[in-house]
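Peer 1: Sharing a structure below in structure tokens format, with a few things to ask.
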Amino acid sequence: MIRAAFTNTEHGYGQESELVNKIRTSDEYVDGLELVVTQDKAILGYGLLSEVHIKNEDQSFTGLVLAPLAVRVGFQKKGVGRLLIKELEKRATKLNYRFISILGHPSYYPKFNYVPASEYNVRPPFSVPNEAFMIKPLFKGALDGISGTVRYSKAFD
Numbered sequence: 001m002i003r004a005a006f007t008n009t010e011h012g013y014g015q016e017s018e019l020v021n022k023i024r025t026s027d028e029y030v031d032g033l034e035l036v037v038t039q040d041k042a043i044l045g046y047g048l049l050s051e052v053h054i055k056n057e058d059q060s061f062t063g064l065v066l067a068p069l070a071v072r073v074g075f076q077k078k079g080v081g082r083l084l085i086k087e088l089e090k091r092a093t094k095l096n097y098r099f100i101s102i103l104g105h106p107s108y109y110p111k112f113n114y115v116p117a118s119e120y121n122v123r124p125p126f127s128v129p130n131e132a133f134m135i136k137p138l139f140k141g142a143l144d145g146i147s148g149t150v151r152y153s154k155a156f157d
């Protein structure tokens with residue numbers, strides 16, 4: 001399902017299924033932050049949050065990255081992605097994480113209050129369009145005084 005969901009997108013399939021397997025065996029995997037939406041035993045959507053860090057010269061702040069988020073072809077634009085995002089955010093908030101970062105489509109994620117990470121002086125570890133690298137604080141003041149570069153787990157290498 002993940003492979004099919006990404007195959008015909010603007011950027012195509014980028015080894016997202018393999019990424020999931022690598023994250024599951026990494027130290028950054030968090031039990032309870034992996035979701036599957038089903039209907040009549042068919043998988044309609046999948047979402048995974050794993051730990052990342054915003055690092056600067058003096059400090060490191062732990063948060064999460066949403067990768068991947070996938071919805072079965074034929075069920076996109078029907079609320080499955082919204083359901084996954086909202087539930088994952090709820091769970092992340094209960095676990096006291098500060099933020100969720102996303103490298104994603106700039107017209108989709110702002111619907112969920114994700115903004116360019118540069119608005120918080122947070123940078124990606126590689127060159128990407130500013131509008132595609134987004135972040136969302138999970139509570140008021142969550143990103144106050146935080147700046148730096150997001151560092152992903154080795155699973156993303």
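Quick note on full-length UniProt numbering: the sequence shown kicks off at 1 and runs consecutively. Beta carbons are placed, not taken as given, at the ideal position from N, Cα and C, and that holds for glycine.
List in chain order: all unbroken alpha helix (DSSP H) runs of 4+ residues lying wholly within the UniProt domain "N-acetyltransferase" (1–139).
Peer 2: Listed in chain order, the complete alpha helix (DSSP H) runs (minimum 4 residues) inside the UniProt domain "N-acetyltransferase" (1–139) are 2–7, 16–24, 80–94.
Peer 1: Beta-carbon separation of ILE23 and VAL150 under 8 Å?
Peer 2: Start at 1 with the first residue of the sequence shown, and residue 23 comes out as number 23. Start at 1 with the first residue of the sequence shown, and residue 150 comes out as number 150. Not a contact, by the Cβ cut-off of 8 Å.
Peer 1: Just to confirm, are HIS72 and LEU35 a CB contact at a threshold of 8 Å?
Peer 2: Here residue 72 refers to the residue found at position 72 when the sequence shown is read from its first residue. Here residue 35 refers to the residue found at position 35 when the sequence shown is read from its first residue. Reading the sequence as shown, one finds Arg at residue 72 and not His. No.
Peer 1: Measuring CB atoms only, is the stretch 120–140 touching the stretch 16–33, in the sense that at least three cross pairs come out at less than 8 Å?
Peer 2: Output reads no: the stretch 16–33 does not touch the stretch 120–140.
Peer 1: If you draw a straight line from the C-alpha of LEU143 to the C-alpha of VAL80, how long is it?
Peer 2: Residue mapping note: residue 143 aligns to position 143 of the sequence shown, counting from 1. Residue mapping note: residue 80 aligns to position 80 of the sequence shown, counting from 1. Their Cα atoms are separated by approximately 28 Å.
Peer 1: I'd like to check one pair, GLY63 with ILE100: are the Cβ atoms closer than 8 Å?
Peer 2: Locating residue 100 in the sequence shown gives position 100, where the first residue counts as 1. Locating residue 63 in the sequence shown gives position 63, where the first residue counts as 1. A contact, by the Cβ cut-off of 8 Å.
Peer 1: I need the straight-line Cα distance from SER17 to ALA70, nearest angstrom please.
Peer 2: Against the sequence shown, residue 17 aligns to sequence position 17. Against the sequence shown, residue 70 aligns to sequence position 70. C-alpha separation (whole angstroms): 10 Å.
Peer 1: Would you kindly check if the distance between the Cβ of ALA117 and the Cβ of ILE146 is under 8 Å?
Peer 2: As a working note, residue 146 is residue 146 in the sequence shown. As a working note, residue 117 is residue 117 in the sequence shown. Going by C-beta atoms, ILE146 is not nearer than 8 Å to ALA117.
Peer 1: Here's the rule: buried if 16 or more other CB atoms are within 10 angstroms of the residue's CB, otherwise exposed. What is ALA4?
Peer 2: To locate residue 4, count along the sequence shown from 1; it is residue 4. Exposed is the call here.
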